[in-house]
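Encoded as structure tokens, the structure appears first; notes follow it.
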Amino acid sequence: MPEIIQKKLKVSALCELCHARKAVMKRPKNLMKLCKECFYNVFETEIHNTIVSNNLFSPGDKIAIGASGGKDSTVLASVLKTLNERYNYGLHLVLLSIDEGIVGYRDDSLATVKRNQKQYNMPLEIVSYKDLYNWSMDEIVSCAGIRSSCTYCGVLRRQALDRGAEKLGINHVVTGHNADDVAETVLMNILRGDINRLESSTRILTDSDNSPVKRSKPFKYTYQKEIVLYAHYKKLDYFSTECTYAPEAFRGTARELLKGLESIRPSCIMDIIYSGEHLSLAPKKKKQTVAYKNKKRIEQEINQDGSVKLDTKPKTNKCEKCGYLSSNKICKACVLLQGLELNRAKVSLDSNSAIDGAAKLSKTLEGLSF
Amino acid sequence: MAIKIKIEFLGGLDIISNSIREHKVTVPFEEGEATMKDLINWITKNIISDPKDIPVFIENETVRPGILVLINDTDWELEGMEDYVIEQGDVFTFTSTLHGG
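So the protein sequences, as listed, match chains A and B.
Residues 17 to 386 (the working numbering) make up the first sequence, in order.
Residues 321 to 421 (the working numbering) make up the second sequence, in order.
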């Protein structure tokens, strides 16, 4: 009989679920060692349970998957397709991509999304900043500088996703934000004292008055490590290049901190999310004050730091410029774009006024006599 | 003696190795003696093209948190991490998990 040349496996090297195959990975969540098959099963089932227990979808829903071509959204598209077929969710899944207009980055990642469209047999809609705002990210950066690139991009993307979804007649966008991202955001909001955002940052489904489109994160409890492993073992086609513009420095630092913590205590990501979910903020203090003008008694909200909020809410909840839903008179995207337009015009105005100013000054000087 | 192995840089990590994702290399180690620790050291000297990129790969003398390490497609945490003894034909995969999704 031919000798078996296979390496002997120790029992401790076996999968802790099926006890039959060799374990290939250790789950950061509970340190369980699993084989590929059991890992796929556990990974997909956990996401299914998250979807079901949070009632994320109803049969017949049309869902847009915010797809960047990166690992998270690629795995999200793949897993949602699998689960939709396995558990008969009855969902119509569509890929929705944003083209920010970053040459050498987004054009390459969109090529990945186009391949995903064929691989997963889903319709694809691409919405571009250039079409929506008449500004591409490359133009914005050349005008406003590289340091604020993430601020612009973030605000514009949020609205672009909403508008893309509306164009498709869809009122629910799912994104690939994972547990690491959520923990990172909780940490960042704590470090910045951003209490308003802290409360909403752990919500799996955001459904605000500000937006006609719901957002949800089915990967809220899914570790980044497992997403990367899933993509690797399933040989999913994803794009992985960092954006050419500087990443948000503060988020980067929070991420480093979190990764360092995770290497010592892998469960800390879940623990931070848990803490975030269970924080309840003290209600804001209200104080009676007398109005300066007509000596009327009014109630004013006072924040913990002593600052007050002035009641300047407009009657309508639509942006005066673009007609988009907004809690302010002018929506954030319009405010940013307005600033950019001013900047664009200023360049020529500045030089003109300098010439005008100089000529006027010399004329005035000529007219002077002692 | 030397050991033939394959080293892969995935998930965008190929930026530290001249955009080459797959390296088939022969490392000047004695089989049965060299560990993962020796290999990591060898990589920083022989594969990373720009010394400035070493901190992208190494932190506190080991692979930086956020880089997933697989030895023959198995999580290195199950293979003894730095103490793993390198064998002929091994495949080492380093994948960055930090890039946007």
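Virtual Cβ for every residue (Gly too), placed ideally from N, Cα, C.
Quiz item: Relative to the C-alpha of His64(A), which residue among His193(A), Tyr105(A) and Ala349(A) is closest?
Solution: Tyr105(A)
Quiz item: Should Val389(B) go down as buried or exposed, given a rule of 16 or more other Cβ atoms within 10 Å for buried?
Solution: buried
Practice problem: Using a Cβ-Cβ cut-off of 8 Å, state whether Asp393(B) counts as contacting chain A. | Solution: yes
Quiz item: Going along the chain, which residues of its own chain have a beta-carbon closer than 6 Å to the beta-carbon of Lys26(A), five neighbours each way excluded?
Solution: none
Practice problem: Return the chain-ordered list of same chain residues with a C-beta closer than 8 Å to the C-beta of Ile387(A), the five sequence neighbours on each side being excluded. | Solution: This structure cannot speak to residue 387(A), because chain A is shown only from 17 to 386.
Practice problem: Given a cut-off of 8 Å, decide if Gly180(A) and Glu116(A) are closer than it, judged by their beta-carbon atoms. | Solution: no
Quiz item: At what residue ranges does the stretch 184-208 of chain A contain a whole run of the alpha helix (DSSP H), taking only runs of 4 or more?
Solution: 195-208
Exercise. Report back the beta-carbon spacing between Lys78(A) and Ile186(A) to the nearest angstrom; my notes put them in contact at under 8 Å.
Key: 5 Å
Practice problem: Figure out for me which residue from Phe329(B), Asp410(B) and Ile406(B) has the closest Cα to the Cα of Ala354(B). | Solution: Ile406(B)
Quiz item: Where does Ala298(A) land, buried or exposed, given buried means 16+ other C-beta within 10 angstroms?
Solution: exposed
Quiz item: Cα-Cα, which of Ser94(A), Asn205(A), Asn71(A) and Ile162(A) is closest to Val110(A)?
Solution: Ser94(A)
Self-check item: Cα-Cα separation, Leu356(A) to Gly339(A)
Solution: 19 Å
Practice problem: Anything in chain B within Cβ reach of Glu355(A), meaning under 7 Å, just list it in chain order. | Solution: Reading off the sequence, residue 355(A) comes out as Gly, not Glu. By Cβ distance, chain B contributes nothing, its closest Cβ being about 25 Å from Gly355(A), past 7 Å.
Exercise. Check Asp115(A) in the structure and name its three-state DSSP category.
Key: strand
Quiz item: Below 8 Å between beta carbons: does that hold for Thr415(B) and Leu333(B)?
Solution: yes
Quiz item: Do you know how far the Cα of Ala36(A) is from the Cα of Glu293(A)?
Solution: 38 Å
Quiz prompt | Nearest-angstrom Cβ-Cβ length linking Val198(A) and Ser217(A), presumed shorter than 8 Å | solution = 7 Å
Quiz item: What does Val244(A) touch in chain B if you count any residue whose Cβ is under 8 Å from its own?
Solution: Gly331, Leu388, Thr415 and Thr417
Self-check item: Paired residues, beta bridge with Thr305(A) - DSSP
Solution: Ile314(A)
Exercise. Report yes if the C-beta distance between Ser232(A) and Val190(A) is below 8 Å; otherwise report no.
Key: yes
Practice problem: Using 10 angstroms around the beta-carbon of Asp395(B), count the other beta-carbons present and answer buried if the total reaches 16, otherwise exposed. | Solution: buried
Quiz item: Can the beta-carbon of Val347(B) be found less than 8 Å from the beta-carbon of Ile323(B)?
Solution: yes
Quiz item: In the DSSP assignment, what residue or residues form a beta bridge with Leu341(A)?
Solution: Lys334(A)
Quiz item: Comparing the C-beta of Leu365(A) with each C-beta of chain B, is any distance below 8 Å?
Solution: Bear in mind that the predicted position of Leu365(A) carries a pLDDT of just 46, short of 50, making it too unreliable to give a figure here.
Quiz item: Any heavy atom of the ligand NAD closer than 7 Å to the CB of Gly276(A)?
Solution: The ligand NAD is absent from the structure shown, which contains no ligands of any kind.
Quiz item: Using a C-beta cutoff of 8 Å, does Pro375(B) count as contacting chain A?
Solution: no
Quiz item: If Ser165(A) sits next to Val157(A), beta carbons under 8 Å apart, how far is it from one beta carbon to the other, in whole angstroms?
Solution: 5 Å
Quiz item: Among the residues of its own chain, which have a CB less than 6 Å from the CB of Ala349(A), if the five just before and after it don't count?
Solution: Val171, Leu172 and Gln175
Quiz item: Which chain A residues are close to Glu397(B), counting only those with a beta carbon under 7 Å from its beta carbon?
Solution: Lys42
Quiz prompt | Limits of the unbroken alpha helix (DSSP H) element including Lys344(B) | solution = It is not in any alpha helix (DSSP H) - Lys344(B) instead sits in the beta strand (DSSP E) that spans Glu342 to Val347.
Quiz item: With a cut-off of 8 Å, does the C-beta of Gln133(A) fall near any C-beta of chain B?
Solution: no
Quiz prompt | Ala80(A) (DSSP reduced to helix, strand or coil) | solution = strand
Exercise. Using a cut-off of 8 Å between C-beta atoms, extract the partners of Lys49(A) located in chain B.
Key: Leu398
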